[in-house]
Amino acid sequence: MQFSRRRRLVSQPQDGLYGHCLQFYGRPPAENISLAEFETFAFERLKLLKTVENLGVSYVKTSDQYTKKLYSEFSNLNFPHKAEADDKKEQTEYEKRRKDHISHFILRLAYCQTEDLRRWFIQQEMDLFRFRFSGLTSKSKTEFLHQNNLQYDTVSMEQKKALVDKLVSSSYAVSGATVMEQDFYKVPFQDALDLVRTRKVFLKGGYAYIPHQDIIAIVLNDFRTRLSKALALTARSLPAVQSDERLQPLLSHLSHAYVGQDYSIQKNVGKISLEQIDPLSTKSFPLCMRQLHKSLRENHHLRHGGRMQYGLFLKGIGLSLEQALQFWRSEFIKGKVDADKFDKAYAYSVRHMFGKEGKRTDYTPYSCMKVILSNPPSQGDYHGCPFRHSDPELLKQKLQSYKLSPSAINQILELVKGMHYQLACQKYFELTHNIEDSGFSLNHPNQYFMESQKVLGDGKDVKREPETPHREAAASKGLGASRQNAEEMEDLDALFQDD
Amino acid sequence: MSSCDYDSSCLPDLLPLYYRRLFPFSQYYRWLSYGGVTKNYFQNREFSFTLKDDIYVRYQSFSNQSELEKEMQKMNPYKIDIGAVYSHRPSQHNTVKSGTFQALEKELVFDIDMTDYDDVRTCCSAADICSSCWTLMTIAVRILDRALRGEHQHSDFGFQHLLWVYSGRRGIHCWVCDEAARKLSVAGRSAVAEYLSLVKGGEETLKKVQLSDPLHPFIRESLAVVEHYFIQYALMGQDILGNSKTTDKVRNLVLHFVSILIFCDFDCQVTSRKGCQYIDKEIMLQYCYPRLDVNVSKGVNHLLKSPFSVHPKTGRISVPIDLEELDKFDPFAVPTISLICEELDKPRTGEEEEVVEEEKKENEIEAAERRKIRDYKRTSLAKYVKLFDRFLDGMARARKGEILRKSDLQKEF
Chain C
1 MQFSRRRRLV
11 SQPQDGLYGH
21 CLQFYGRPPA
31 ENISLAEFET
41 FAFERLKLLK
51 TVENLGVSYV
61 KTSDQYTKKL
71 YSEFSNLNFP
81 HKAEADDKKE
91 QTEYEKRRKD
101 HISHFILRLA
111 YCQTEDLRRW
121 FIQQEMDLFR
131 FRFSGLTSKS
141 KTEFLHQNNL
151 QYDTVSMEQK
161 KALVDKLVSS
171 SYAVSGATVM
181 EQDFYKVPFQ
191 DALDLVRTRK
201 VFLKGGYAYI
211 PHQDIIAIVL
221 NDFRTRLSKA
231 LALTARSLPA
241 VQSDERLQPL
251 LSHLSHAYVG
261 QDYSIQKNVG
271 KISLEQIDPL
281 STKSFPLCMR
291 QLHKSLRENH
301 HLRHGGRMQY
311 GLFLKGIGLS
321 LEQALQFWRS
331 EFIKGKVDAD
341 KFDKAYAYSV
351 RHMFGKEGKR
361 TDYTPYSCMK
371 VILSNPPSQG
381 DYHGCPFRHS
391 DPELLKQKLQ
401 SYKLSPSAIN
411 QILELVKGMH
421 YQLACQKYFE
431 LTHNIEDSGF
441 SLNHPNQYFM
451 ESQKVLGDGK
461 DVKREPETPH
471 REAAASKGLG
481 ASRQNAEEME
491 DLDALFQDD
Chain H
1 MSSCDYDSSC
11 LPDLLPLYYR
21 RLFPFSQYYR
31 WLSYGGVTKN
41 YFQNREFSFT
51 LKDDIYVRYQ
61 SFSNQSELEK
71 EMQKMNPYKI
81 DIGAVYSHRP
91 SQHNTVKSGT
101 FQALEKELVF
111 DIDMTDYDDV
121 RTCCSAADIC
131 SSCWTLMTIA
141 VRILDRALRG
151 EHQHSDFGFQ
161 HLLWVYSGRR
171 GIHCWVCDEA
181 ARKLSVAGRS
191 AVAEYLSLVK
201 GGEETLKKVQ
211 LSDPLHPFIR
221 ESLAVVEHYF
231 IQYALMGQDI
241 LGNSKTTDKV
251 RNLVLHFVSI
261 LIFCDFDCQV
271 TSRKGCQYID
281 KEIMLQYCYP
291 RLDVNVSKGV
301 NHLLKSPFSV
311 HPKTGRISVP
321 IDLEELDKFD
331 PFAVPTISLI
341 CEELDKPRTG
351 EEEEVVEEEK
361 KENEIEAAER
371 RKIRDYKRTS
381 LAKYVKLFDR
391 FLDGMARARK
401 GEILRKSDLQ
411 KEF
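Protein chains in written order, with the UniProt record's numbering: chain C, 1 to 499; chain H, 1 to 413.
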């Protein structure tokens, strides 16, 4: 079989531009790229970061499973990891590094806007960096440090000999042999504050003597500081970028994107009856939807944000348009809205959700990320993510009323404190279904529902969707449709006013 | 050495005299200008004054030495505190857009207060001190000075310009004046303070020092200092077990330790358990190791008592401590404001001739200036100002060295 090298119209590898497979992203890319490449690069890096996030909560970051799975994702998405020594692959390695470089900067544009977005982006990029740096050879690590002007000199052999006892008794898990064989770095103590604070390092003359294995923490700190500053700067120049019509919708969607299964294709239309909703809400709904359902039943009303979040969720679990109309109508009528008013004002919006009005696009139910990050609830709202938006005291009370044990509640509150909202919800799932390990990484309310149905054994009719990333879907349908959705969402939101 | 009786009611009369004829303004200004390297460094420095009747004023700042002198002579502060160098003149902070007025730099400081050792002192408590428990301060200075400055790069942190000052009553302050120290962040300051802290825990914690294997080199170095002084201090000076004045609190602590020792000794002999490996060292450290208040060191904007200010309760001047004479330092020999004011009118014997000689040498200097120089030199304050001068000379030499080094580098291009 013959393989011909596809010659693409791409700039030749510039000398020294990507001299290392890893970089600090100090200099923005200076070339022109097509809009298509812009989009693809961005979405693929986002996929990578989401994988980093998901694996990071499911596995210990140094474990074999984590490493293997993350490396396979690197291959799937064509990102550089280890330095390829193979000359034949020089062109592809260059391509990978170029993609790494450009995609990072594109995502900066999307993720610099709010504190939450920045925090998420920095966290994933740091985990990604840590993973890649740890995978480098010792030589490669030193090369990286030198190429990036990190003024960390190695300690000479003579000095090490003179200090060997002190180095052994001050650094964790370091023996006399380690001291003589491995590199030690002299780092100004101001760059190693965590080690200084806990007295886990040897200090002399204002320098911390860091063993090779610990240099990563120092480098990461540097990485985080640089990225944080860069994002702040990016945010300031963002208005100029956002005014470009080609980029604005994409960037806006990127920051809310859920790349993967989006529950837009209705699989079980009609399999759920309206009578089942009440019991299902306590058994299989995630806390956010349970809350919305409860306040709908109590107040016979929900404001726009709540109608959107809950209504789309119901569509996702299999309610048909007719069922949805009946459901909302019967509830609203019990309140202050009469039948006429419902038909005039609210029915339209329900039909719109199902793609039967206006531009007639089928809307996708909100992912956890979207619920957590956009449209925070205000007074009188019941939407949002309870783990993110509820006062911890109120959340605690609610969980107590659901008869969760105090230790369970504490576990959940700890996760909330650490801002791991989806993990907290996952824990809630595990506790309410009485299982040790949920076996999935939660990122969508409809996913919660489906997994719950599986566990409870009602899932005979519910087919389990494979968790493999839908690359083709993302590239064609999902991407295109999702992007459209984002624009549509904006229109839809503007269209409907709350009374 | 005769010491004039001090009474705080004398202050209103003595302070004006002190600020007009004795306070070393030119050295003080020289210090806080740091060679004029950074623009507006002195102008943006915050001072706070405590005036008569406990009136407290913050955000005082001055354009130059002359303005500083005039204002202090006008207000006659009972207490003076030094704060941070801000982004704008502190006296104008209300005119600055909210959020932009920020503390930028300040010396790294440490405050060791004798009351923090009350649970292990048998001789005194609260604000009292005596020559016996003063040894605790000596130990503190030795340990911290070695760690912060050391000799010939033998230190942990590599700082060079430390000013140790007697607080005037029951403790000492350390001002680390290196540029790197002044630019240190809050996180950096707290990391340094935590690194230096070994005694942890409050009222509820009986055993405040926990050591584990291996002992960090810093702990070893500190132990060497403590061991040097421990015998003299604890067993002889404090006479912990035999002293009838020993409070219940201290006695209970000692008995607790003794019981641990007995238990461990027995236990270790029988089972050779590792848990008691360092119990003797832990006890020594709990008695003697410096107790820092991390909060004082952490904040960039923290206000600390100024050197050469008066302590209203004791009348003593906050004077610099000579490290070379550290073991001989006697807090009760530190001059009080009453003493030095008295000395102004009656120069000590042998000084008259000295003064005349000085006059001949300093003919070029203005008469008033000359008198002022003469003035503090006639008092017990003289040697402390000289010490301060040596400290400032050291910093000036270092700055010059830095400038030469930088220009050498440029020549290479």
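Just so you know, even glycine gets a beta-carbon here, dropped at the ideal spot from N, CA and C. This one's a predicted model, so the numbers in the text were calculated from it and none came from an experiment.
Original post:
Is it a yes or a no for the stretch 136–153 of chain C touching the stretch 161–180 of chain C, going by three-plus beta-carbon pairs under 8 Å?
Top reply: no
**OP:** Can you grab the Cα-Cα spacing for the pair Ala235 (chain C) / Ile372 (chain C), in whole Å?
**Re:** What you label residue 235 (chain C) is simply residue 235 of the first sequence in a count that begins at 1. What you label residue 372 (chain C) is simply residue 372 of the first sequence in a count that begins at 1. Near 21 Å, if we compare the C-alpha coordinates of Ile372 (chain C) and Ala235 (chain C).
Original post:
If we ignore side chains and look at the alpha-carbon of each, how far apart do Val60 (chain C) and Lys454 (chain C) end up?
Top reply: Counting from one through the first sequence, the residue named residue 60 (chain C) turns up at place 60. Counting from one through the first sequence, the residue named residue 454 (chain C) turns up at place 454. Cα to Cα, the separation comes out at about 26 Å.
Subject >> Closer than 8 Å to chain H by CB, Gln190 (chain C) >> reply: As a working note, residue 190 (chain C) is residue 190 in the first sequence. Output row for Gln190 (chain C): interface = yes.
**OP:** Mind checking who Trp175 (chain H) pairs with in its DSSP beta bridge?
**Re:** Indexing the second sequence from 1 puts residue 175 (chain H) at position 175. Looking at the DSSP assignment, Trp175 (chain H) forms a beta bridge with H:Val109, H:Leu163.
Subject >> Start-end ranges of the beta strand (DSSP E) lying completely within the stretch 198–232 of chain C, minimum 3 residues >> reply: 202–204, 207–211
Original post:
What residues from chain H crowd round Phe202 (chain C), counting only those whose CB sits closer than 7 Å?
Top reply: Locating residue 202 (chain C) in the first sequence gives position 202, counting from the first residue. Those are Pro217, listed as they occur along chain H.
Original post:
Can the beta-carbon of Leu193 (chain C) be found less than 8 Å from the beta-carbon of Ala191 (chain H)?
Top reply: Walking along the first sequence from the start, residue 193 (chain C) turns up at place 193. Walking along the second sequence from the start, residue 191 (chain H) turns up at place 191. Yes.
**OP:** Kindly identify the DSSP beta-bridge partner or partners of Phe49 (chain H).
**Re:** Counting from 1 along the second sequence, the entry for residue 49 (chain H) is found at position 49. H:Val57, H:Ile80.
**OP:** Determine the DSSP secondary structure at Pro445 (chain C), reduced to helix, strand or coil.
**Re:** Translated into positions along the first sequence, residue 445 (chain C) becomes position 445. In the structure shown, Pro445 (chain C) sits in a helix (DSSP, three-state: H, G or I).
Original post:
Run through DSSP, which three-state label would Ser8 (chain H) get?
Top reply: Your numbering for residue 8 (chain H) matches position 8 in the second sequence. Per DSSP, reduced to three states, the secondary structure at Ser8 (chain H) is helical.
Subject >> Residues, ordered as in the chain, of the stretch 155–173 of chain H that lie near chain C by beta-carbon distance below 9 Å >> reply: Ser155, Asp156, Phe157, Gly158, Phe159
Original post:
Do Arg254 (chain C) and Ala110 (chain C) have their C-beta atoms closer together than 8 Å?
Top reply: Here residue 254 (chain C) refers to the residue found at position 254 of the first sequence. Here residue 110 (chain C) refers to the residue found at position 110 of the first sequence. Per the sequence presented here, residue 254 (chain C) reads as Leu, with Arg not at that position. Yes, the pair counts as a contact, with Cβ atoms nearer than the cut-off.
Original post:
So Leu303 (chain H) and Ile340 (chain H) are in contact, right, with Cβ under 8 Å, and what is the actual spacing, rounded?
Top reply: As a working note, residue 303 (chain H) is residue 303 in the second sequence. As a working note, residue 340 (chain H) is residue 340 in the second sequence. 25 Å between Cβ atoms; not a contact.
Subject >> Segment contact, 8 Å Cβ cut-off, at least three pairs: the stretch 424–440 of chain C with the stretch 311–319 of chain C >> reply: no
Subject >> At least three beta-carbon pairs within less than 8 Å, the stretch 166–176 of chain H to the stretch 109–128 of chain H >> reply: yes
Subject >> Distance, Asp375 (chain H) Cα to Asp389 (chain H) Cα >> reply: As a working mapping, residue 389 (chain H) is identified with position 389 in the second sequence. As a working mapping, residue 375 (chain H) is identified with position 375 in the second sequence. Asp389 (chain H) and Asp375 (chain H): Cα-Cα distance of roughly 16 Å.
**OP:** Give a yes or no on whether 8 Å exceeds the smallest Cβ distance from Leu193 (chain C) to chain H.
**Re:** Residue 193 (chain C) sits at position 193 when you count from the first residue of the first sequence. By this cut-off, Leu193 (chain C) is an interface position.
**OP:** Please go through the same chain and pick out, in chain order, the residues whose beta-carbon is closer than 7 Å to the beta-carbon of Met419 (chain C), but skip the five residues on each side of it.
**Re:** Numbered from 1 along the first sequence, position 419 holds the residue referred to as residue 419 (chain C). Cβ neighbours of Met419 (chain C) beyond the five flanking positions: none.
Subject >> Terminal residues of the beta strand (DSSP E) in which Pro188 (chain C) lies >> reply: Position 188 of the first sequence, counting from 1, holds the residue named residue 188 (chain C). 184–188 is the span of the beta strand (DSSP E), which, as asked, contains Pro188 (chain C).
**OP:** Could you give the DSSP three-state label for Tyr366 (chain C): helix, strand or coil?
**Re:** For the purposes of this step, residue 366 (chain C) is taken as the residue at position 366 of the first sequence. Coil.
Subject >> Check whether Ala147 (chain H) and Leu196 (chain H) have beta carbons under 8 Å apart >> reply: Numbered from its first residue, the second sequence carries residue 147 (chain H) at position 147. Numbered from its first residue, the second sequence carries residue 196 (chain H) at position 196. The answer is yes: Cβ separation under 8 Å.
**OP:** Ignoring anything shorter than 4 residues or poking outside the stretch 21–90 of chain C, list the alpha helix (DSSP H) runs there in chain order.
**Re:** 35–58, 64–77
Original post:
What's the gap between the Cα of Asp322 (chain H) and the Cα of Ala181 (chain H)?
Top reply: The sequence position of residue 322 (chain H) within the second sequence is 322, counting from 1. The sequence position of residue 181 (chain H) within the second sequence is 181, counting from 1. Straight-line Cα distance between these residues: approximately 21 Å.
**OP:** State the beta-bridge partners of Leu373 (chain C) as determined by DSSP.
**Re:** Working through the first sequence from its first residue, we reach residue 373 (chain C) at position 373. DSSP lists no partner for Leu373 (chain C).
Original post:
According to DSSP, what are the bridge partners of Val310 (chain H)?
Top reply: As a first step, residue 310 (chain H) must be located in the second sequence, where it is residue number 310. H:Ile317.
**OP:** Go ahead and pull the three-state DSSP assignment for Tyr86 (chain H).
**Re:** Taking the first residue of the second sequence as 1, we reach residue 86 (chain H) at position 86. Reduced to three states, the DSSP call for Tyr86 (chain H) is strand.
**OP:** Mark Glu158 (chain C) as exposed unless 16 or more other C-beta atoms lie within 10 angstroms of its C-beta, in which case mark it buried.
**Re:** As a working mapping, residue 158 (chain C) is identified with position 158 in the first sequence. Answer is exposed; the Cβ neighbour count stays below 16.
Original post:
Hey, quick one: how far does the alpha helix (DSSP H) through Asn295 (chain H) stretch, first residue to last?
Top reply: One-based indexing of the second sequence puts residue 295 (chain H) at position 295. Element bounds for Asn295 (chain H): 294–298.
**OP:** Please check if any C-beta of chain C sits within less than 8 Å of the C-beta of Pro214 (chain H).
**Re:** Within the second sequence, residue 214 (chain H) is the residue found at index 214, counting from 1. At least one chain C Cβ lies under 8 Å of Pro214 (chain H).
Original post:
Are the C-beta atoms of Lys398 (chain C) and some chain H residue less than 8 Å apart?
Top reply: Looking up residue 398 (chain C) in the first sequence gives position 398. No, because no Cβ of chain H sits closer than 8 Å to the Cβ of Lys398 (chain C).
Subject >> Arg121 (chain H) and Leu344 (chain H) closer than 8 Å at C-beta >> reply: Position 121 of the second sequence holds residue 121 (chain H). Position 344 of the second sequence holds residue 344 (chain H). Result no, Cβ atoms of Arg121 (chain H) and Leu344 (chain H) do not sit closer than 8 Å.
Original post:
In the stretch 186–206 of chain H, which residues sit with their C-beta less than 8 Å from some C-beta in chain C, listed in chain order?
Top reply: Against chain C - using a Cβ distance shorter than 8 Å - the residues of the stretch 186–206 of chain H are Ala187, Gly188, Ser190, Ala191, Val192, Glu194, Tyr195.
Subject >> Delimiting residues of the alpha helix (DSSP H) encompassing Ile143 (chain H) >> reply: On the second sequence, position 143 is the one that residue 143 (chain H) refers to. It spans 134–148 - the alpha helix (DSSP H) in which Ile143 (chain H) sits, taken as one unbroken run.
Original post:
Can you list, in chain order, the residues of its chain whose CB lies under 8 Å from that of His101 (chain C), leaving out five sequence neighbours each side?
Top reply: The residue labelled residue 101 (chain C) in the question sits at position 101 within the first sequence. Here the set comprises Tyr18, Gln23, Tyr25, Pro29.
Original post:
Quick one: does Ala324 (chain C) have its CB under 8 Å from some CB of chain D?
Top reply: Of the protein chains in this structure, namely C and H, none is chain D.
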